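K.L.:
I'd like to ask some things about the structure below.
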Amino acid sequence: MGKLTAFLINKFKAWDRPSQIAFIMTLVLMIPPVIALLSGVQSLRQPAVVGLMGLIISAQGIIMWANRGMVTDYTRAQRAYMAGDFITARNTLETLYQTGKADYRELTLLGNTYRQLGDLPASERVLSEALNIHPRHYFPLYGFGRTLLVQGRFAEAQHTLEAALQHDAPPAIHFDLGEAMYHQGNEPVAVVHLSQALPHLDEARRFMAVLLLYNMGKGAPPDAELIAAGWAYWQAQVTLFQHTPYGEALKGAMSHVDHSES
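Read in order, the letters of the sequence shown are residues 51 to 312 in this note's numbering.
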């Protein structure tokens, strides 16, 4: 409840002055009809209800007007990131970063964007800043863990991803932890985490989870549909991180599937 209140207050502070004044006046005008309703006087009940409903509708209109076009840099960058437009996401977030006012979410997204562009030193640096702000939030923990993983620092990635899961990371993160364990040769634990992740994965990551499990003698190889869904993505990851131990390990893992099946 406290976080919600803080969020609403921050939104209110971002409104233009006329909207703030109008909203406060509307809240003040709600007091008489509320008092009338609480008084229990039957003759006042109907006009009080009508007046209160009108004021509620007015308040909603003020909120909609005050929030018009309020798309933050973070939201724009997030949309670009989800669309695979990492250059736009990076440029948007770097502008915010240079102001010195970026919060842990914005820093995490910037660090993740650097990773997607193959700039691992920048990714590690910015994600470290995010963790300095919020060391126990799964979002920067996961981002940092993923960057450590693609650098080939598998043991460090394992510990960071375990911490992310301890701080309520989504169950899909078991996939990344399973990857870290697989690349360290800890197959029994890798099998557990990859199996836990399977129901929560999109098709591209499901392809890799099924492939790694197959490589460890657990289950069938990916079928043609999964190969078609995941091969291009993971081949791009091999190319992007070819200069790291992760890229080499990933290439080796993918050599065990017949791409011609897709």
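Each residue gets a CB set at the ideal place from its N, CA and C atoms; glycine is no exception.
None of the values given here were measured: they were computed from a predicted structure.
1) Taking 8 Å as the threshold (C-beta atoms), are residue 264 and residue 199 in contact?
2) With distances taken between CB atoms, is the gap from residue 218 to residue 192 smaller than 8 Å?
3) Could you check if residue 93 is buried or exposed, using at least 16 other CB atoms within 10 Å of its CB as the buried criterion?
4) If you reduce the DSSP assignment to three classes, tell me which class residue 189 lands in.
5) Alpha carbon to alpha carbon, how far is residue 149 from residue 222?
6) Is the number of C-beta pairs between the region 222-242 and the region 273-286 that are closer than 8 Å three or more?
7) Relative to the alpha-carbon of residue 124, which residue among 146, 136 and 113 has its alpha-carbon at the smallest distance?
8) Kindly indicate the opening and closing residues of the alpha helix (DSSP H) around residue 204.
9) With distance defined between alpha-carbon atoms, name the residue in 79, 133 and 95 nearest to residue 109.
10) Quick one: grab the DSSP three-state call for residue 236.
P.N.:
Short version:
1) For this step, residue 199 is matched to residue 149 along the sequence shown. For this step, residue 264 is matched to residue 214 along the sequence shown. It is not a contact, given that the beta carbons lie outside the stated cut-off.
2) Counting from one through the sequence shown, the residue named residue 218 turns up at place 168. Counting from one through the sequence shown, the residue named residue 192 turns up at place 142. The answer is no: Cβ separation not under 8 Å.
3) Working through the sequence shown from its first residue, we reach residue 93 at position 43. Exposed, because fewer than 16 other Cβ atoms sit within 10 Å of the Cβ of residue 93.
4) Counted from its first residue, the sequence shown places residue 189 at position 139. Residue 189: helix per DSSP, three-state reduction.
5) Looking up residue 149 in the sequence shown gives position 99. Looking up residue 222 in the sequence shown gives position 172. Approximately 33 Å between the Cα atoms of the pair.
6) no
7) In the sequence shown, residue 124 corresponds to position 74, counting from 1. The shortest C-alpha separation from residue 124 is found at 146.
8) Taking the first residue of the sequence shown as 1, we reach residue 204 at position 154. It spans 204-216 - the alpha helix (DSSP H) in which residue 204 sits, taken as one unbroken run.
9) The residue you call residue 109 lines up with position 59 of the sequence shown. Here the closest residue by C-alpha is 79.
10) Start at 1 with the first residue of the sequence shown, and residue 236 comes out as number 186. Reduced to three states, the DSSP call for residue 236 is coil.
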